[in-house]
Structures are given as C-alpha cells and as structure tokens.
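Mind the numbering: the sequence shown is residues 1 to 803 in UniProt numbering, read in order.
Beta carbons: idealized from backbone N, C-alpha and C, even for Gly.
Since the model is a prediction, treat every value here as computed from it, not as a measurement.
This report concerns only the one structure given below.
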Amino acid sequence: MRLKITAKNKTTQKSALTSAKPQRAILAAGVEAAEKAIERELRTAGFPMEMDDLKEYVMLSHKGISSEVFDRAFNKLKEAGRIFTNREDIVLLTSSAKLHTGVVQGHRDGFGFLICEEDVPDMYISPEEMTKVLPGDIVVAREAGTDYRGRVLADIVELADRKLKRIVGRFELRRGVGIVVPEDARICKTILIAPGRSLGATPSQIVVAELEDKGLLTNSPVGHVVEILGTIDEPGMETEIAVRKFDLPYKFSEETKKEIKRFSDSVTKSDLRDRVDLRDIPFVTIDGADAKDFDDAVYCLPVEEGKFRLLVAIADVSHYVKPGCSIDKDAQLRTTSVYFPRRVIPMLPEELSNGLCSLNPQVDRCTMVCDAIIGANGLVEAYQFYPAVIRSAARLIYDNVWAALCNPNGPEAKVMEHVLGNVQDLYDLYKNLIKSRELRGAMDFETVETYIVANEQGKIEQILPRERNDAHRLIEEMMLVANTCAADFLQKNKAPCLYRVHEPPSQDRLEKARATLAPFGVTLPGGDSPTPGDYAKVLESIADRPDKAMIQTILLRSMQQAVYSPHNVGHFGLAYDAYTHFTSPIRRYPDLLVHRAIRGILRRRKYVPKILVEPNEADVPVQTREIICKAKPDDKKKVAHIDLWEKLGLLCSAHERRADEASYDVMAWLKCNYMQKKLGQVFKGVISGVSPFAIFVTLEDLYVEGAIHISGLGDDYFVFDDKSNEIYGEDSGLRYRLGDELTVKVARCDLDARRIEFALVSKNRQSRPKTEAKRKTVKSSAAPRKPAARKTKKAPSVAKKRS
1 MRLKITAKNK TTQKSALTSA KPQRAILAAG VEAAEKAIER ELRTAGFPME MDDLKEYVML
61 SHKGISSEVF DRAFNKLKEA GRIFTNREDI VLLTSSAKLH TGVVQGHRDG FGFLICEEDV
121 PDMYISPEEM TKVLPGDIVV AREAGTDYRG RVLADIVELA DRKLKRIVGR FELRRGVGIV
181 VPEDARICKT ILIAPGRSLG ATPSQIVVAE LEDKGLLTNS PVGHVVEILG TIDEPGMETE
241 IAVRKFDLPY KFSEETKKEI KRFSDSVTKS DLRDRVDLRD IPFVTIDGAD AKDFDDAVYC
301 LPVEEGKFRL LVAIADVSHY VKPGCSIDKD AQLRTTSVYF PRRVIPMLPE ELSNGLCSLN
361 PQVDRCTMVC DAIIGANGLV EAYQFYPAVI RSAARLIYDN VWAALCNPNG PEAKVMEHVL
421 GNVQDLYDLY KNLIKSRELR GAMDFETVET YIVANEQGKI EQILPRERND AHRLIEEMML
481 VANTCAADFL QKNKAPCLYR VHEPPSQDRL EKARATLAPF GVTLPGGDSP TPGDYAKVLE
541 SIADRPDKAM IQTILLRSMQ QAVYSPHNVG HFGLAYDAYT HFTSPIRRYP DLLVHRAIRG
601 ILRRRKYVPK ILVEPNEADV PVQTREIICK AKPDDKKKVA HIDLWEKLGL LCSAHERRAD
661 EASYDVMAWL KCNYMQKKLG QVFKGVISGV SPFAIFVTLE DLYVEGAIHI SGLGDDYFVF
721 DDKSNEIYGE DSGLRYRLGD ELTVKVARCD LDARRIEFAL VSKNRQSRPK TEAKRKTVKS
781 SAAPRKPAAR KTKKAPSVAK KRS
C-alpha cells in the first residue's frame, strides 16, 4: 500500500527535517558540556573514581546531563585518550597521571617502544617491561622518567587489547608442562600450552600456538597448538616460520578458488571488445632468467630525427579482477607478492599471475598500453593510454640482451635476430632518457644486490653479487616513463589515486649524514634543503673511489622511506613532481588501483575503491602515517576520519614493509646457518654500521654482516657519538667508524635471533681523517663497454585497428 503525500504531509515532513538540525546541535552542545563536567569532576577529586560514582556525581551536579549524554561524552573522552579506564572500571585523567595509550613495537634485542596515539614522542620500553607485553599490544603506560639518552621511559600499567593471535615457535617440555618458545626474538614471553592441547607435538618441533586469552601483564599467555610444522632442519622451514611469524596470507580463499575456475585459459572474443589490436607489433619482455610472471612488454621505433615512439604494454589485471570480488579481496589482503630465495607467495592466483595475465610469448594477452612520444632530450612530448591486445614476440633475458647489444654478430644476437632491431631502438631511446635523468638531477645509486645459490635442501652454498648491466637499466627507464605518464594523466584528470611519494630528508638525518660523511672528505651541498641534484653530484664525485659503496650507504640512510599516498608530494629520489606505480599490477595492489583509476577516466566514470581489508595503523610509523594522511600533529579530526584512499595507502605501505621484513628474516636465517660452518674462521671486513652497543661488520666477498659487541673492542671505556656515527675510546682515543677495515673471527651464530657475532682480531685501516681526505670528481660511465654501432633503418608504421 502506497502512502499518498499531500501538501500538508510535505509541510509536516519538511518541518520535521528542519527541526532535527537544532535538536542535533542541542545534543552536541550537551555532550561537549558533559565532557568538560567529567574532566572537571576528576580534576577536583584528585584521585581515580569508579565509573558509577563519577556518573552519579556528574548527573547530580549538572541537571541537564542525561544518562545518554554522559555515555556519549565519556566514550568521546576515552576514544580521544583524555581519560583512562581499567578492567575494574576505575577512571582517571590521563593528563594528571601522565598516562599514554599506544602500540608496543618490539626489538630483537629485548627492548621496545610505545608508539603513542597522542602527539607525544615514542616512549622507550625496557627489556624488563617488555616481558609483560607482546609486540602489537595496545597498552596504557605511565611516564617513568628518562634514561641516560633522554628517552622517556614507559611503565606498563594496563593491557587494553592484544592484536597478536598466533605465535610460531619451538615446542618444549619444562617439568612436564608444555611451552612454546617464540621464534620471534621481539617476543620476550613463552606461551603456556593448556594440558592436552599440544596436538601431540614433541620437544624441538616448530609449532603454531593460538592464544586463548589476553594474558596478564606479569604472566605468560595461555594457548594451544593449532599446527605442527616439523623440525628446524627440514628444507624450507625458515620460510614456513617467516610466513607465520609475519602473518602473511599464503592460502587463497575457497571463494577465490571457485572464481578462478570461471576464467578461460586464453583470451576470448569478448575480451577483445574495445581494444586496439597490436598483435602485429613485435613486443618483447626482458626479465631475469628465473622470472615467471611477466607484467610488461615494450616496443620502440624512431619517428623523427632523435625522437622515439615508445609503447609500454602492461598486463590488464583490472580487466579480470573486478572490484569487490573474492580475488580482489585476497589481493587487497596481501597487497604485494612476497619473494623468498626458493619460494614466492603471489598476490594473485597462479592461474592469473603466471597464466592469463602474464605476457608470455606467442599468445594473445589483454594489456593497458602507455603510448608515448619522447624527444631527443629524453622528455615526454605526448602520451595516451588505451586498452589493447598484444602478442609478445620474444621472452628475453637481461644478460642475453646486453650480450647482443655489445656484439650484434654474436650468438645471443642471432637467437633474437627477429627482434634485435626493436632492442637496439630501445637502447638508443635509453641513452636519451639518461640525458633527461641527468638534467633533472635524479640520483642513481649503484648498490650491491646479492642472491644465494642454494642446494637441494634449500641451504646456502654461495652468496653472489647480482651483476647489473644496461639491459636492466633500459627496462627500468622505460617503466619510469610509463609510471610518470600515469601519474600525470591521473593528476590532470583530477582522479584520486595512490601516488608513490618520497619526501626530502629530515633535518636530523641530514645533520647525521653530513657528520658521518666528514671523515671521508665528502660534503653534501644544499644547506637545509639539498636537492636531488646535490645528491647526484656527490654520487658522481665518488664514482671512482674504492669506498664508494660505503658513502652510498650513508647517503641512502639519510633518505626517507617511499610510501603510497593519495596526496602527491613528488618523488625526491627520482626527482619527479608526480610519480605512481603502474607497471606491475600482477604483483602490486597499488598498480591495480592505478589501472582502475585510468580505466575510470577512459570510460568517464569516477573510480571509487572498496575497502575490503581495514588497515592496522599501528603497523605504520607515526611519521609515515602523517605523510600518507597529510595530518598535522594537532589535526586529530583528520587522523580520525581517514578517507578511502588514505586507508589504502596505509594498507599498501604497511604490507610492503611486512613483505620486506619477512624476506629479510629468511635471508638472515639462511646466512646464520651458512656461517655456522665457518665458526672460528678469520675474514676481512668493513664496518657497515655503528650503534651504542656494537659495531657491525660486513665481510668482504661473503656479503654477510655480523656484530662485535662494544665489550669486545678493547680494554677501554667506549662512547657512542650519535652525530658522527662512531664509537671512540675515552682513554686510548681509538675510533671505530663506517668504512674502517677490520680482521674478525666468526665467534657465534644465533639462529633464533638471526644474529652473527664476530670477535675482533685486528684493525687494519681507518677511514681517512677529514684533514687528509682528497676530493676527486670523476665522470661515471653508464656502460661497462660500448655496444657496436649500427646503421639507422627506416621505422615501420604502427598499425592500429579495433577488434
């Protein structure tokens, strides 16, 4: 039955709606008054009060405050951290008791930090206090003075919430009681296993325990075993541990498994609708020898004197993975593929990542194309984006491409003869792009990346440096073109998206970097605001120095971390005004979001993302959160109401960090295991890090880092100089600083802590004093050797036809 609305009804409705506004205003004013009354009552009392007593006092002394208004005001004060209640409903003002609510962040050396929700510095948690809590716990802590370094000490008062639900560790029996000793060195508690709930685990087996309650601050949490992984010596166990330690999603949901079965194994007719047909263009993919998923294919040809047309075809994942579907939810839960030495946890099911979306050779594939015209100066003059279908002509490998460029008549060139012209055009374009890089002052760090050679059991046999050549750099530059075009396209169309942002160095990092560089005779120009070009000049000046790697490390450590944010602040390191990630949607969720935003522009429909997984803000450092959300310290309203894109920025940044930590954890375990066979052996190394408690030494040729505790440096009182980043003896004047050469002996390998310890044998060479340092400027060479010259050929036309 429909209700007919008469003129009278309409008037009544309108008056009801308009009267609701002042009612809401009255309620809001009442809540604000109640907040002040609650705080005033607690301040007047001068001691904690029971919740019921406080409510009674406030309502009796303020007739206008109802029970509902009191409850709303109380909850607002609690959420804002202005009052605190414990489990017995005792209430007190946080300001009077110097109480702070925050998230516990553990450190493998036993101490921790409280990352406070309010605008206060992080608080230091001593190893003793860390035994009361677990990393990730939300706690209330009292300020307990400061330590010798001026850090505010935290005294844990109350456990508000426990985020950690499962813990991986070693099962043991102590006096007949089952316990789990966590594999994570940041966890300072053992887990008590309830009687009869060990799943039959035997001592020394690696298990996963699920916590049954929050646990008390002074007692071990109680849990039960939910999974037995095996023994520590089993192949791949270090990866299984890391997957669970860092809570990496490694199983796809049943809904995703059902969805994936609906896809065809190949591109269908319906997939070709509204796509530009580029199947006659000989695109190529250039990747590492062990790559399995191919996100990008490239093609290039000269169009005018010195100009090139570049086509970058990227797997069109957004065509298959629709917003809100089960595959999308699993992808958002992961946000990135995670790479281990012998295993990959993909963001997408392999049917997509290695199959239908992967740009494998000689098969039709759906792509999103960035089609750009690039001038002789390396600058993009025009570009367009469109969906296309391509058929990759060849799957090429970096080393083979470089060999073919260096020797066009060699065996590698013969194998790729049908696409060699395209590869040579790409290399000519690369040279132009390098000019552009130099003009804008982008930094080019040439750090040593290593990889492991493992045996059948997954253990390290060798650690080798990964050789980089211009084939690697060529593809990197092509991807930079596509990424910057995508950022510009989104910005010009005012489409919300996630940018890849990298802020300039902070003042404290700059000061520390300059003090650390001084003994090397290196000066970073630019004053308080050095430009990327200032950094680039330093990198160019040290290109021929033997200590180049160490100086590069110091410069890198002065940098902020790049993150994902909807607020474009540019990319300092790459010297771009706008930059995003577009080129890897198979393995990075931000790229998939960018594709959807671009598709929305092309279809003239604004793309609004869906939050399928709520981010845990505690996983992102406070400074990073402020970059992503652009919230000032006093902008509490902004922090409390993060919009959709900011939430996605937090999620993607946190999960990127999680993936990096998990990969590092596995590599650290493998290196510890590798060095156990070298206990007692002597090696030469270089100091690569200095802390108040130890110096860190990287062994030459082995690429393994270990620590020498400060007590092992000699019979002296050693002091850590934070500004110059060095340790010196007060009596002897002996200094240990970055770049010093030492001879060390492998003393201990702690697999549980992922720590290698060295003993000092002798100090061989000290990094040059500032007065003796000589500065030298050397023009760096981009290529190991110059590829052979070739004749210029006439450029073929690029056919475009709609299918």
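| Item | Value |
| --- | --- |
| Contained beta strand (DSSP E) runs [length at least 3] in the stretch 269-341, N- to C-terminal order | 284-287, 296-304, 307-315, 338-340 |
| Unbroken beta strand (DSSP E) run spanning Q384, endpoints | 380-391 |
| Counted within 10 angstroms of its Cβ, other Cβ atoms place V501 as buried (16 or more) or exposed | buried |
| Identity of the residues DSSP links to T85 by a beta bridge | V91 |
| Unbroken alpha helix (DSSP H) run spanning V419, endpoints | Here V419 belongs to no alpha helix (DSSP H), and DSSP marks it neither H nor E. |
| Between the CA atoms of F489 and P532 - distance to the nearest angstrom | 24 Å |
| Limits of the beta strand (DSSP E) - the one that L248 falls within | Careful: L248 lies outside any beta strand (DSSP E) and carries neither H nor E. |
| G526 - containing alpha helix (DSSP H), residue span | Per DSSP, G526 belongs to no alpha helix (DSSP H) and is neither H nor E. |
| Neighbourhood of I598 by C-beta, 6 Å cutoff - its chain only, sequence neighbours within 5 removed | F385 |
| Where S541 sits in the DSSP three-state scheme | helix |
| Rounded C-alpha distance that separates R275 from G200 | 58 Å |
| Cβ pair A578, Q491 closer than 8 Å | yes |
| Endpoints, beta strand (DSSP E) assigned at G112 | 112-116 |
| Proximity winner among N493, P692, G733, Q676, relative to D752 (alpha-carbon distances) | Q676 |
| Beta-ladder partner(s) of L192, from DSSP | I179, V222 |
| Outcome for P692 when other beta-carbon atoms lying within 10 angstroms are tallied against a minimum of 16 | exposed |
| Assigned exposure category for M559 - 16 Cβ within 10 Å defines buried | buried |
| A141 versus A154 - alpha carbon distance | 6 Å |
| Reduced DSSP secondary structure (H/G/I, E/B, other) of E449 | coil |
| Sequence-distant residues of the same chain with beta carbon closer than 8 Å to I83, five excluded per side | I38, E39, L42, F74, L77, V91, L92, L93, T94 |
| Three or more C-beta pairs below 8 Å linking the stretch 391-410 and the stretch 343-353 | no |
| Terminal residues of the alpha helix (DSSP H) in which F70 lies | 67-79 |
| Contiguous alpha helix (DSSP H) assignments of at least 4 residues, all confined to the stretch 470-523 | 470-492, 507-517 |
| Close beta carbons around residue 845, own chain, < 8 Å, minus the five adjacent residues each side | The shown model of the chain, from 1 to 803, leaves out residue 845, and the question about it has no answer. |
| Three-state secondary structure assigned by DSSP to Y717 | coil |
| Among E32, V103, D89, the one whose alpha carbon lies nearest that of E68 | E32 |
| Residue environment, K165, which counts as buried when at least 16 other CB atoms sit within 10 Å | exposed |
| Residue burial classification, V226 (beta-carbon count within 10 angstroms, cutoff 16) | exposed |
| Whole-number beta carbon distance between D293 and S392, since they are thought to touch under 8 Å | Not a contact, Cβ separation roughly 13 Å. |
| Length of the line joining the Cα atoms of L699 and D665 | 19 Å |
| Exposure label - R605; buried when at least 16 CB within 10 Å | exposed |
| Residue span of the beta strand (DSSP E) that contains V369, given as start and end | 364-374 |
| Minimum C-alpha distance to D316 - residue among S584, S732, D715, D660 | S584 |
| Exposure label - K647; buried when at least 16 CB within 10 Å | buried |
| Reference L356, options T268, A80, L54, N616, closest by Cα | T268 |
| Range covered by the beta strand (DSSP E) that runs through E741 | 741-750 |
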